[in-house]
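Q: Here you go, one structure.
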Amino acid sequence: MIANTDTAPHTIGRARFEGRRRQLTVASVEYLTPKMLRLVFTSPDLADFESQGADDHVKIFVPGDGGEPVMRDYTPRAFDRAAQKLTLDFAIHEAGPATAWALAGKPGDQVEIGGPRGSRLVPDDFDWYLLIADETGLPAIGRRLEELRPGVPVITVVTVETKAEIQAIETRAAWAAHWVCRDKAGPDDAAALLKVLEGLTLPKGDGYIWIAAEASVTKALKAHALGRLNHPAPWMRAGGYWLQGAAGAREALD
Ligand SMILES: Cc1cc2nc3c(=O)[nH]c(=O)nc-3n(C[C@H](O)[C@H](O)[C@H](O)COP(=O)(O)OP(=O)(O)OC[C@H]3O[C@@H](n4cnc5c(N)ncnc54)[C@H](O)[C@@H]3O)c2cc1C
Numbered sequence: 172m173i174a175n176t177d178t179a180p181h182t183i184g185r186a187r188f189e190g191r192r193r194q195l196t197v198a199s200v201e202y203l204t205p206k207m208l209r210l211v212f213t214s215p216d217l218a219d220f221e222s223q224g225a226d227d228h229v230k231i232f233v234p235g236d237g238g239e240p241v242m243r244d245y246t247p248r249a250f251d252r253a254a255q256k257l258t259l260d261f262a263i264h265e266a267g268p269a270t271a272w273a274l275a276g277k278p279g280d281q282v283e284i285g286g287p288r289g290s291r292l293v294p295d296d297f298d299w300y301l302l303i304a305d306e307t308g309l310p311a312i313g314r315r316l317e318e319l320r321p322g323v324p325v326i327t328v329v330t331v332e333t334k335a336e337i338q339a340i341e342t343r344a345a346w347a348a349h350w351v352c353r354d355k356a357g358p359d360d361a362a363a364l365l366k367v368l369e370g371l372t373l374p375k376g377d378g379y380i381w382i383a384a385e386a387s388v389t390k391a392l393k394a395h396a397l398g399r400l401n402h403p404a405p406w407m408r409a410g411g412y413w414l415q416g417a418a419g420a421r422e423a424l425d
């Protein structure tokens, strides 16, 4: 018998959209935690905005050091079509044009975005989910936690600078949260995350693993998932969301 791959379990789909540019206006600016800044944008251009995947991204165009526009990737943390509102959460770090722009942001400011050009549609049919990230992946984790079905086991392992960065996120899933406070270690140090991973007992059945952090950290975590955990590569997505010492850098997501 030939399997019908359209209905095979755990099939990860793709949606593609016209990645057109949109002009947005800042509606509100609010600190979620001392180092996580939430900007809500509004615009009639959002009438046909599409974001179907928890780890989608838009490109935001902000002035670079020389004044010329540069683009940076941010996750649509929430989108309300009826209200024409898009929410982006900015993890505040030491320096960078997107961070500087968000820090200076105030209601009425204008900005251009592009995308998302597509969404990766992870079915809500896995037996469990393991989501690992630093602050830059927390918006996508928050969104997935809110979207997943009631009672499904979700383990999150998130590294944050201090306890003050821990977020309360509403979810119907059975969420086991591991927050790793870095203390003196840098956000490019994978050791603390790996230690938590090594101590985890994963639920039985088929799982989906999602990783987003500094590129070298992601690489180490991915190697652990594929090697030590022997996790199937198709049921995993790992992305370098930024690269230590390199502006505007990212690695392709697997
Ligand atoms: C698909 C995708 C989705 C993303 N979603 C989000 C999101 O929703 N929220 C979010 O905050 N970030 C998100 N990021 C990460 C964000 O795009 C990067 O952190 C980006 O580099 C920030 O731009 P910048 O202009 O502030 O700094 P850049 O000009 O890019 O970098 C300046 C310097 O800061 C360093 N740096 C960059 N990011 C960090 C950091 N987080 N911590 C410490 N040092 C850093 C760089 O290594 C460089 O030395 C996402 C990335 C990807 C690929």
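Numbering-wise (my numbering), the sequence shown opens with residue 172 and increments by one. Glycine is no exception: its CB is placed at the ideal position from the N, C-alpha and C atoms.
#1: Would you mind giving the Cβ-Cβ distance between F261 and A273, rounded to the nearest angstrom? I have them listed as a contact below 8 Å.
#2: Which of the three DSSP states is assigned to G313 in this structure?
#3: With T333 and A348 assumed to form a contact (beta carbons below 8 Å), what rounded beta-carbon distance in angstroms separates them?
#4: I337 and W346 look like a contact to me (Cβ under 8 Å); what is the Cβ gap, rounded to whole Å?
#5: If I follow the unbroken alpha helix (DSSP H) through T270, where does it start and stop?
#6: Helix, strand or coil, according to DSSP, for A186 in the structure here?
#7: Nearest by alpha-carbon distance to D296: which of A218, L210 and P324 is it?
#8: Quick one: grab the DSSP three-state call for A174.
#9: Rounding to the nearest angstrom, what Cα-Cα distance links A404 and V211 in this structure?
#10: For A384, name the three-state secondary structure that DSSP assigns.
#11: Have a look at R314 and H395 and give me their C-alpha separation to the nearest angstrom.
#12: Cβ of A384 within 6 Å of any heavy atom in ligand 1?
#13: By Cβ distance, which residues of its chain are closer than 8 Å to V392, with the 5 residues on each side in sequence left out?
#14: So if DSSP puts T327 in a beta bridge, which residue, or which two residues, is it bridged to?
#15: Any contact between the segment 244 to 254 and the segment 215 to 228? By contact I mean 3 or more CB pairs, one from each, below 8 Å.
#16: Just how far apart, CA to CA, sit A339 and P240?
#17: Which runs of the beta strand (DSSP E) fall wholly inside the segment 196 to 259 and span at least 3 residues, in chain order?
#18: Leaving out five residues before and five after A311 in sequence, what residues of the same chain have Cβ atoms less than 6 Å from its Cβ?
#19: CB-CB under 6 Å to E201, same chain, minus the five flanking residues each way: which ones, in chain order?
#20: Ligand 1 and H395: does the residue's C-beta get closer than 6 Å to at least one heavy atom of that ligand?
#21: Can you name the start and end residues of the beta strand (DSSP E) that G398 belongs to?
#22: How about R141 and G285: are their beta carbons less than 7 Å apart?
#23: Please list the terminal residues of the continuous alpha helix (DSSP H) segment that includes G370.
#24: Tell me the rounded alpha-carbon separation between C352 and V331.
A: Taking the coordinates as given:
#1: Counted from its first residue, the sequence shown places residue 261 at position 90. Counted from its first residue, the sequence shown places residue 273 at position 102. With 8 Å as the limit, F261 and A273 qualify as a contact, their Cβ atoms being about 4 Å apart.
#2: If you number the sequence shown from 1, residue 313 lands on position 142. Correct three-state label for G313: helix.
#3: Position 162 of the sequence shown, counting from 1, holds the residue named residue 333. Position 177 of the sequence shown, counting from 1, holds the residue named residue 348. No, T333 and A348 are not in contact; Cβ-Cβ is about 16 Å, not under 8 Å.
#4: Looking up residue 337 in the sequence shown gives position 166. Looking up residue 346 in the sequence shown gives position 175. So it is not a contact: roughly 13 Å between Cβ atoms.
#5: Residue 270 sits at position 99 when you count from the first residue of the sequence shown. Unbroken alpha helix (DSSP H) run through T270: P268 to A275.
#6: Within the sequence shown, residue 186 is the residue found at index 15, counting from 1. Three-state DSSP puts A186 in a strand.
#7: Counted from its first residue, the sequence shown places residue 296 at position 125. Ranking A218, L210 and P324 by Cα distance to D296 puts P324 first.
#8: Counted from its first residue, the sequence shown places residue 174 at position 3. Because A174 sits at a pLDDT of 44, beneath the cut-off of 50, its placement in the model cannot be relied upon, and the following sentence gives the value as read from the coordinates. It is coil, neither helix nor strand.
#9: As a first step, residue 404 is located in the sequence shown; it is residue number 233 there, counting from the start. As a first step, residue 211 is located in the sequence shown; it is residue number 40 there, counting from the start. So the two alpha carbons sit approximately 35 Å from each other.
#10: Residue 384 sits at position 213 when you count from the first residue of the sequence shown. Residue state, collapsed to three classes: strand.
#11: Here residue 314 refers to the residue found at position 143 of the sequence shown. Here residue 395 refers to the residue found at position 224 of the sequence shown. Each residue's Cα considered, the two are about 25 Å apart.
#12: Residue 384 sits at position 213 when you count from the first residue of the sequence shown. False, no ligand heavy atom lies under 6 Å from that Cβ.
#13: Working through the sequence shown from its first residue, we reach residue 392 at position 221. According to the sequence displayed, residue 392 carries Leu and not Val. Cβ within range, chain order: I303, A361, L364, L365, L368, I382, A384 and A409.
#14: What you label residue 327 is simply residue 156 of the sequence shown in a count that begins at 1. DSSP lists L302 and A348 as partners of T327.
#15: yes
#16: Within the sequence shown, the letter at position 168 stands for residue 339. Within the sequence shown, the letter at position 69 stands for residue 240. Each residue's alpha carbon lies about 34 Å from the other.
#17: 207 to 213, 229 to 234, 240 to 245 and 247 to 251
#18: Taking the sequence shown and counting its residues from 1, the one referred to as residue 311 is at position 140. So the list reads A225, D226 and T246, once near-sequence residues are dropped.
#19: Within the sequence shown, residue 201 is the residue found at index 30, counting from 1. Result list for E201: R209, in chain order.
#20: Within the sequence shown, the letter at position 224 stands for residue 395. Outside the cutoff, so no.
#21: If you number the sequence shown from 1, residue 398 lands on position 227. Counting along the chain, G398 falls outside any beta strand (DSSP E), and DSSP gives it neither H nor E.
#22: Absent from the structure is residue 141, since the part of the chain shown begins at 172 and ends at 425.
#23: Against the sequence shown, residue 370 aligns to sequence position 199. A362 to G370 is the span of the alpha helix (DSSP H), which, as asked, contains G370.
#24: Counted from its first residue, the sequence shown places residue 352 at position 181. Counted from its first residue, the sequence shown places residue 331 at position 160. Computed Cα separation, rounded: 5 Å.
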